[in-house]
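Just below is one structure, and these are the notes that go with it.
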Amino acid sequence: MELDRIYFFTATIHNWIPLFDRAGFKEILLSSLKYLVDKKCLKIYGFVIMPNHIHLLFENTKMNGKELPHASFLKFTSHSFLRKLKEDIPEYLNKFIVNFANKDHQFWQRDSMAVELYTPNMVYQKLDYIHNNPCKKKWMLSNNPLDYTYSSYKFYETGVDEFGLLSHVGDRI
Numbered sequence: 001m002e003l004d005r006i007y008f009f010t011a012t013i014h015n016w017i018p019l020f021d022r023a024g025f026k027e028i029l030l031s032s033l034k035y036l037v038d039k040k041c042l043k044i045y046g047f048v049i050m051p052n053h054i055h056l057l058f059e060n061t062k063m064n065g066k067e068l069p070h071a072s073f074l075k076f077t078s079h080s081f082l083r084k085l086k087e088d089i090p091e092y093l094n095k096f097i098v099n100f101a102n103k104d105h106q107f108w109q110r111d112s113m114a115v116e117l118y119t120p121n122m123v124y125q126k127l128d129y130i131h132n133n134p135c136k137k138k139w140m141l142s143n144n145p146l147d148y149t150y151s152s153y154k155f156y157e158t159g160v161d162e163f164g165l166l167s168h169v170g171d172r173i
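Counting in UniProt numbering, the sequence shown runs from 1 upward without gaps.
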């Protein structure tokens, strides 16, 4: 990934475990994204948090130390998930045990997908996909994208950023 380019990014929880169905885990994602946005390392143009993955439409705007911001996001949220599970649901931690030389637990699958979006049409197509994902037959988290809380859809409908981290993609392309 490069700076100053718009990407569609999907990060999935290891073994598709529905970690984000549990209380407090969506908030870890949102607070980590907000931190990177506030540091001006990242611009978030769209997102949806699903039970076991997150889709983002974003732009890395500057390095976060020596890392690209999305890498910092994955690393920080992994540490936060570990801490929260140890404190609140230690028995659930067993689902994330791995036998790797450098770590005992894995939260994110190693194959996070990032696709650069070259045209406005591609950007809006992915934004539409993100916003309609909770309404898909497979998930049925909502009948209407407007009713799903953990999405940027309301921001595009009302102009109000309830999360304090969104930028309108129309201002960028």
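For every residue, glycine included, the Cβ atom is placed at its ideal position computed from N, Cα and C.
Where residue i falls, given that 16 or more other Cβ within 10 Å makes a residue buried
i    : result
T77  : buried
M113 : exposed
I89  : exposed
L56  : buried
F8   : buried
F155 : buried
L3   : exposed
Per-residue DSSP class, three states only, for residue i
i    : result
I130 : helix
D104 : strand
S72  : helix
E27  : helix
F81  : helix
M113 : strand
N15  : helix
L46  : Here residue 46 turns out to be Gly, not Leu, going by the sequence shown. If DSSP states are grouped into helix, strand and coil, G46 belongs with the strands.
F163 : coil
Spatial distance of residue i from residue j (CA atoms)
i    : j    : result
S83  : I17  : The question names Ser, but residue 83 in the sequence shown is Arg. For R83 and I17, the distance between alpha carbons rounds to 17 angstroms.
I28  : F73  : 10 angstroms
P51  : F107 : 13 angstroms
N94  : R172 : 43 angstroms
R5   : L117 : 8 angstroms
V169 : D147 : 21 angstroms
T61  : L85  : 32 angstroms
E87  : K103 : 19 angstroms
W139 : T119 : 29 angstroms
K126 : N132 : 10 angstroms
Q109 : L68  : 18 angstroms
Beta-carbon gap between residue i and residue j smaller than 8 angstroms
i    : j    : result
S167 : Y92  : no
F58  : K43  : yes
K34  : G159 : no
S151 : V37  : no
M1   : H70  : yes
N64  : K39  : yes
Short CB-CB distance (under 8 angstroms) between residue i and chain C
i    : result
F100 : In the structure shown, chain C cannot be found, because there is only a single protein chain.
Minimum C-alpha distance to residue i - residue among the options
i           : options             : result
L30         : K137, N15 and S80   : S80
I130        : Q109, T119 and Y153 : Y153
residue 185 : D111, L3 and N102   : A query on residue 185 cannot be resolved here, the shown segment of the chain reaching from 1 to 173 and no further.
E157        : D128, A101 and P134 : D128
T10         : H53, K66 and P134   : H53
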